[in-house]
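Protein chains: 2
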Amino acid sequence: MALIKPRSRRGGGRPTIADVARKAGVGAITVSRALREPERVSQDLRRQIQAAVDELGYVPDPNARALASARAEVFGVLVPSLTNNVFAEVVRGIYDSLSDSPFRIQLGNTHYSGLEEERLLQVFGSQRPAALIVAGIDQTPTSRKLLENAGCPVVQVMETGPDPVDMLVGFSHFDGGRTATEHLIEAGYRRIGFIGARMDPRSQRRLAGYRAAMEKAGLFDPRLVTTTPVLSSVPLGRELFRDALAKMPTLDGVFCNNDDIALGVLFECRRASIDVPKTIGIVGFNDLDMMQVAFPSITSIRTYRYEIGRRAVAMALAAIAGDRPQQRIVDLGFELMRRESTAR
Amino acid sequence: MALIKPRSRRGGGRPTIADVARKAGVGAITVSRALREPERVSQDLRRQIQAAVDELGYVPDPNARALASARAEVFGVLVPSLTNNVFAEVVRGIYDSLSDSPFRIQLGNTHYSGLEEERLLQVFGSQRPAALIVAGIDQTPTSRKLLENAGCPVVQVMETGPDPVDMLVGFSHFDGGRTATEHLIEAGYRRIGFIGARMDPRSQRRLAGYRAAMEKAGLFDPRLVTTTPVLSSVPLGRELFRDALAKMPTLDGVFCNNDDIALGVLFECRRASIDVPKTIGIVGFNDLDMMQVAFPSITSIRTYRYEIGRRAVAMALAAIAGDRPQQRIVDLGFELMRRESTAR
DNA sequence: CCACGTCATGGTAGCGCTACCATTTTCCCT
DNA sequence: AGGGAAAATGGTAGCGCTACCATGACGTGG
C-alpha cells in the first residue's frame, strides 16, 4: 500500500485553490473571495494571496467554478453565418466589449436553420450561460421557450419589433428597404427591381419595405422581383441581375438585398456597358466600406452592426449586474448613403 | 419576469444523472456509460435509459463533466481577426467539421497581438480543452510554451514550416508571393510594386517572396514597396495605390497583399482612367469569389481556407482518438488564377 | 459591563459528473 | 460439471470550486 497518495489521478498537477491557500497560510474560501470580491478581504491577506497566486501561476478552473456556482462565465452567441461580414461585425462588437471582462464567448452558427438553432440553444443552455445573444426575432416556438427558460438575460439583435423575449437591439429592415426604394423613386427611376439572395426573415422584411414603397407609388410589378434562397455572394449578384434583365429588359433600377449583390450588379453593368447611374440605378444594403470606393460609388443603407454588438453586451452586462435597463428595446436606426450609383 | 433568479443549490430544477438513474432503475454510472460508451451497456438498459432521458429532458452538464473527467469537450480556436474573410472561412471550416461532434468551440480574437494571444492561451488552457487550433507559427516564446504544455493536440494553421508545436496545416506565403510576382514578370510587367496593409508575419512572407522574384529578375527597387500596419480594407487599397503611384509614377504593375487591397487598386484605376491590364497589371491574394466577377476580373492566388479548417479538425480529432497522423505537416498549396487584370 | 450588530475569516457540504475499482453475471473452455 | 475469463453493472470517492453558515474579534450604545 502506498502511504503517499499520488497527486490526483487527473489534472496534470496544476495548482489548485488549496495549494494557494496553503502557501498563503489562509483558508481556501478566503482565496476564493480575494479573487472574486477583493473588497471583502483585508489588505494584508489580499497581498499575501496575490503573491502566492503569482508564485504558483494559479489560474482558477472555470469548470469547477461553474459547477459550484451554477453559473458559467460564458456568453452564448448565436448567428446564422460566420462568413457574412454583417454578422462578423456584430460578433466583433461583442468580442471587443467583452474582452476585459471575465466572460468567455461561446459562438454558434445556425446556418439559417431553425432546427439547428434549437439544437444549439439546447447545448448552450446546458452550460448555464451568463447571457445569450441571438440574431433575429423569428425563433421557432421551441427556441423561444428555450430562451425564456434560459434563466439568464437574453438579447435578440439585428432587428426591432414589439415583443422581444427579453431585450432587443437593432433596426427596422422594413424601413430600410422602403427608404432605399423611395430614394430610387425620387431619383426618377421607375422600373425598379428587387434582387435578393438568401431570403432570410430580414431580407423578407426589406422586400416588404420595397414593395410598400413601390405600391404606394403605383409602380409595383411582381415581375420586378428576383430572389433565390441560395447564399449571397458577388458572383450570384451578377447572375441574378442577368436573370432580372432577361425577365424585364426595361429595368432602370435595382434595390439589392445587400452589398455583395449590389457589387455583382455593378460589375455586370460595367461589363455589359450599361451606364450606371444613367441607365440603371443601384442601391445596396449595409454599406460595407467598399461601397464608397467602388467606381461608381454605390448608394447603400448604412447599418450599425458593430454598435449593435456593443449595445447588446452592455445591456446584458447591466442585466447581470441587476439593473434592468429601462429601455428593453433599442432601435439604432440606419442611414441612407447617397452616392454616384443613383445620381442622375 | 425575474430572469436572473439565482438557482437554488439544491434540487435546482434541471434533472441530473441521478434522476435519470432512478427513473430507469439503474445506477448513475450506468447512465453515464450509456451516454458516452453505449456499446458497453446492454441493449435493454440502453433502451430504458434512453426512455428516461427523453422523458425527463435530461441534458448532461458539460461543466460537471469537464470537472470530473479533467477534460472539456471544447476546441479552442485562436485567430487574429474575426472580420477578415480569410479567417472567417477557416473558422467556418472548423465549425462545419465539428458540428456533429460533441465538441463545442471557444473562439478567441487576438487582434494580431502576441500579448493578447498569450492572455487568451492562458484563459483557454485553464479550461483543459480537447484541442487547440491557432493561426500562424510566430507565437511568442511564452505562447509557444503554453501550447507545448497544453496537454492536448495543437494545430497551427494558415502557414507551413519546419517546426510546428505539434501539427500544422497551411501553405507557403513566400511561394505564393513569388508565384504572383513571377507571373507579372512573365506577363511583361517591369516596374512592379508591392502594396500591403497590416503587415503581419504572413504578409511579410509574401513580401519576401515578391522580393526574391524581383531580385532574381534584376527588377527590385525598394521604392516599389508600399506598406502600412493599418488594417486592410478596400478604401485603404485605393489610398495606398495613390501613394505608390505618387512615389513611383512609372509603376506598371502591382502585387497586392490581399484581395481587398487589389479591389481598391482596381477601383482607383477605373476612376483615374488607368487601363487595366494595359497600363497597370494587378494581382491579388486569396482569390475571394468577387475576383472572378470584377471587371476586369482580377488575377489572384487562390488559397484553401475552408479546407485548412476542415483538415485542422480532422487532424486534431485523429490525435484525440489516439492515432497520431503520420503526417504532422500538411501543405495544401495554392493556385495562381490568371485573369483579365494581367492579360496583356 | 453586557447585549448586539458588523467585519474578517474559516469549516463543511455539496455542485453533477466520471475514474477507479469491486461485484455480479454470463459464457466458454476443458 | 467446474474453473476462469470476460462482460455487465454498481459503489465510492473525489474533480476544484463556492454557497451557506459558524466563529471569533471588534466596536457601539444603553
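Chains as they are written, first to last, in the working numbering: chain A, 24 to 367; chain B, 24 to 367. Glycine is no exception: its CB is placed at the ideal position from the N, C-alpha and C atoms. Here the structure is a predicted model, which means the values were calculated and not measured.
Residue state for V253 (chain A) is assigned as coil, using DSSP reduced to three classes. Boundaries of the alpha helix (DSSP H) harbouring V336 (chain A): R328 to A344, taken from the DSSP string. For R45 (chain A), no beta strand (DSSP E) encloses it; the enclosing alpha helix (DSSP H) starts and ends at I40 to A47. When C-beta atoms of the stretch 155 to 164 of chain B are compared with those of the stretch 100 to 118 of chain B, three or more pairs fall below 8 Å, so the two segments count as touching. Under the 8 Å criterion on CB atoms, T302 (chain B) is classed as non-interfacial with respect to chain A. Burial is judged here by how many other beta carbons sit within 10 angstroms of a residue's own beta carbon; L191 (chain B) has at least 16 and is buried. Within the stretch 245 to 260 of chain B, the residues whose Cβ lies closer than 7 Å to some Cβ of chain A are S256, V257 and P258, listed in chain order.
If you ignore the 5 residues before and after A285 (chain B), its C-beta comes within less than 6 Å of the C-beta of C279, I305, G307 and I321, all in its own chain and listed in chain order.
For I218 (chain B), the enclosing beta strand (DSSP E) stretches over residues I215 to G219.
A straight-line Cα-Cα distance of about 34 Å links D354 (chain A) and E262 (chain B). Contact annotation: in the stretch 77 to 92 of chain B, residues whose CB is within less than 8 Å of a CB in chain A are V82, P83, D84, P85, N86, A87, A89, L90 and S92. The three-state reading of DSSP puts E358 (chain A) in strand, counting E and B together. Around the beta carbon of P61 (chain A), a 10 Å sphere encloses fewer than 16 other beta carbons of the protein chains shown; the residue is thus reported as exposed.
Between the stretch 51 to 58 of chain B and the stretch 48 to 58 of chain A, the count of Cβ pairs shorter than 8 Å is below three; the stretches do not touch. Under the Cβ distance rule, S323 (chain A) does not count among the residues neighbouring chain B, no pair being separated by less than 8 Å. In terms of Cα proximity to T202 (chain B), the closest of B:S65, B:P83, B:R234 and B:D119 is B:R234.
The bridge partners DSSP lists for S226 (chain A) come to none. Residues L242 and D275 of the same chain have their beta carbon placed closer than 7 Å to that of R213 (chain B), with the five preceding and five following residues left out of the count.
Residues of the stretch 95 to 122 of chain B with a C-beta less than 7 Å from any C-beta of chain A: A95, L105, T106, N108, A111, E112, V114, R115 and Y118, listed in chain order.
Using a CB distance cut-off of 8 Å, D312 (chain A) counts as an interface residue toward chain B. Residue nearest to T165 (chain A) within the set A:M181, A:G174 and A:R142 is A:R142 (criterion: CA-CA distance).
Here DSSP, grouped into helix, strand and coil, assigns T204 (chain A) to helix. F318 (chain B) has a beta carbon lying within less than 8 Å of a beta carbon in chain A.
Under the three-state reduction of DSSP output, A295 (chain A) falls in the coil class, being neither helix nor strand. Scanning A:A87, A:V76 and A:E78 for the CA closest to the CA of R151 (chain B) turns up A:A87.
The beta carbon of M360 (chain B) sits closer than 8 Å to the beta carbons of D310, M314, Q315, T322, S323, I324 and R325 from its chain, once the five residues preceding and following it are set aside; these are given in chain order. At least 8 Å separates the beta-carbon of F197 (chain B) from that of F357 (chain B).
As DSSP reads the structure, S323 (chain B) sits in a beta bridge with B:G307 and B:M360. In terms of Cα proximity to Q73 (chain A), the closest of A:I128, A:A44 and A:L138 is A:A44.
Shown in chain order are the members of the stretch 143 to 161 of chain A whose Cβ falls below 9 Å from a Cβ of chain B: Q145, V146, F147, G148, S149, Q150 and R151. Annotation: Cβ neighbours of F290 (chain A) in chain B (cutoff 7 Å, chain order): V316, A317 and F318.
Listed by position along chain B, the residues whose Cβ is nearer than 7 Å to that of I128 (chain A) are L130. Within the same chain, Cβ atoms closer than 6 Å to the Cβ of A335 (chain B) are found at I156, V178, V180 and V192, the five residues on either side in sequence being excluded. Partner residues in the beta bridge of C279 (chain B), as assigned by DSSP, are B:I218. Inter-residue distance for A341 (chain A) and R347 (chain A) is about 6 Å (C-alpha atoms, whole angstroms). Taking 7 Å as the cut-off between beta carbons, none of the residues of the stretch 190 to 220 of chain A comes near chain B.
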